[in-house]
């Protein structure tokens, strides 16, 4: 691409920059939002923007949007800075594992010359931050292992502690950072198991165990929790993420209707209430006066009045009357409009008069006591049919204004779909209290945040026309991901790994598994082979084995995930495959083959990067399937759509 094209590509927002750049803006403006990932990565992006003079005013509406005069380069520069550490980390890791400068240099070169890593590292994304912490944890782990013969020295404690710090960073950016925790944990268990073979080290083994618990469990956990404490402290103003959380959580946010509000503490007969579903972002129980097919629930409900004041308790049988229409919340033996195994919920009766199908038994999560506003989680069981009032999560057609479907579920298991809380409460006969005394504790909001994140993460579904992928696509570089631009006149960025490097990595993964098996059989059978090859077999089984396990831990779990997956999820595993290729390529090959391999590396890999570098820096003009395109002839797979 020309310099002009590169400058134009730099000035526009690409792909998920519209998410993570916007979230950085939220931190600068202290506006609460919700994301499926832990907060550390977004906080660091926001901090980088703040320190570089960005004021958080860019809208980040869609990919391709021009940044104009907004100072966004600090956030991009921060991500690029962390991404630039990946090759040095790979070099030091492979050097420590193989003691081969050539192997280390090759591993670092593969990452430098990969167009995919380059693309991810130059934009406002979580991936370079995540990979920085993962590689940092692996480097510190191998450095710690290298000085295991000098336990409890300063450097020993330093590398062990830094391993824990980087594990906390990886977990704090994305939940997949847990794969790195498992990886380090397995290596730690192996080390301790080896030490247990020395019967003279009983007390020392306990000290080693305590040190690892302190630095690899407690330290990361404390740092992880601290990141959430900072997150909640900074984001103290109401924003677009309020509705994903409970009413009590929202009461702590400045600008939210519940912040510093006052209302009666306990629910009583004759009260006017608002009920909110505990299902993530499900909304309120709502009704209206229109008689469209198969009704809905009720938003503001009035508990059937009685005098004198009598509080509502667990197990009470109640009726809910909609204030505006004077109809009762009602269910009967008819199918719900969308969820066919559920029963229909509608509004029924005139001026509060209905029938026995309007009666509901109220249940609290504790199973006893009064119903408390904001805090009590309640369920409503239909007295006649026995089903539970719930939110199905489905949207009604246009005749229902695309509102959420309210049904009566035949399933009695406690789930957020059938749990509700009282968010607003009016009763002139009861004294009001400030809801500030009902605010949740830090531990409660920490637990709630994780529950909401896990539920939302597992429920992620592809949007219309969105390109998704399957795990088997990734190692073969089957399909890339369009970052920006869809037309010939657009500047197009396309996330795709350097195919020469990726396919070489795939070959080396297979050869490593085969040769490792052969070497293991030879060692077990006592078969002798030349000293040079014996030494390299040890490197293969030790260092290469560690890297192979790292690749598997960061790749194989995606086969068991039910959520939507994208190509960029493979890149942490790809780093391990590059390091394994470096170790395999130059630790096993010898003599003339090593010379040829080095020459091949010095010429062909850089040339492959030269061919495919427009994918990362920007393409314009005809697509690759057209003869006049500068990328013509480089579309080696039909699934590549650049």
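Numbering (our numbering), first residue to last: 123 to 764. Note that beta-carbon positions come from the ideal geometry of N, C-alpha and C, so glycine has one too.
Take residue 761, set aside five residues on each side of it, and the residues of its chain with a beta-carbon closer than 6 Å to its own are 600 and 601, in chain order. Residue 472 carries a strand assignment under DSSP once its states are collapsed to helix, strand and coil.
Taking a C-beta distance under 9 Å as the contact criterion, residue 479 and residue 444 do not qualify as a contact pair. Residue 200: member of the alpha helix (DSSP H) spanning 195-205, first to last residue. Residue state for residue 544 is assigned as strand, using DSSP reduced to three classes. Counting C-beta pairs with one atom in each stretch, the segment 341-349 and the segment 135-145 have fewer than three that are closer than 8 Å, which means they do not touch. Counting along the chain, residue 511 sits inside the beta strand (DSSP E) bounded by residues 510-517. If only complete runs of 4 or more residues are kept, the segment 359-412 shows the alpha helix (DSSP H) at 369-372, in order along the chain. Boundaries of the alpha helix (DSSP H) around residue 569: 564-580.
The segment 257-269 and the segment 302-319 touch, with three or more beta-carbon pairs separated by less than 8 Å. C-alpha of residue 195 to C-alpha of residue 616: approximately 20 Å in a straight line.
Contact fails between the segment 275-293 and the segment 232-245, because fewer than three Cβ pairs, one in each stretch, are under 8 Å apart.
Leaving aside the five residues that flank residue 538 on each side, the residues in its chain whose CB is nearer than 6 Å to its CB run, in chain order, 400 and 401. Beta-bridge partners assigned by DSSP to residue 741: 614.
Of all C-beta pairs linking the segment 568-586 to the segment 195-212, fewer than three are shorter than 8 Å, placing the two stretches out of contact. DSSP places residue 352 in the helix class (H, G or I) of the three-state scheme.
Between residue 254 and residue 239, the alpha-carbon positions lie close to 12 Å from each other. CA-CA distance, residue 527 to residue 555, rounds to 33 Å.
In this structure, 150 is the residue among 177, 174 and 150 with its C-alpha nearest to the C-alpha of residue 164. Pairing residue 624 with residue 185, the inter-Cα distance amounts to about 27 Å. Within the segment 622-680, the runs of alpha helix (DSSP H) that reach at least 4 residues and sit entirely inside it are, in chain order, 653-661 and 667-677.
The continuous beta strand (DSSP E) containing residue 603 extends over residues 603-606.
Two segments are said to touch when three or more pairs of C-beta atoms, one from each, lie closer than 8 Å; by this definition the segment 159-177 does not touch the segment 361-374. Between residue 300 and residue 293, the CB-CB gap stays under 9 Å. Among the bridge pairs identified by DSSP, residue 433 is matched with 390.
Residue 228 has its alpha-carbon roughly 25 Å from the corresponding atom of residue 288. Here DSSP, grouped into helix, strand and coil, assigns residue 535 to coil.
Annotation for residue 484: the continuous beta strand (DSSP E) segment containing it runs 482-486. The alpha-carbon of residue 333 is positioned some 17 Å away from that of residue 268. Nearest to residue 252 by alpha-carbon distance, out of 612, 192 and 691, is 691. For residue 674 and residue 730, the gap between their C-alpha atoms comes out near 27 Å. With respect to the C-alpha of residue 489, the residue from 472, 447, 529 and 436 having the closest C-alpha is 436. In the DSSP assignment, residue 526 forms a beta bridge with 517. Taking a contact as a CB-CB distance under 8 Å, the pair residue 167 and residue 246 counts as one, their CB atoms being some 6 Å apart. Taking the Cβ atoms as the reference, residue 148 lies roughly 7 Å from residue 357, within the contact range of under 8 Å. The Cβ neighbour count for residue 344, taken over all protein chains shown within 10 Å, is under 16; the residue is labelled exposed.
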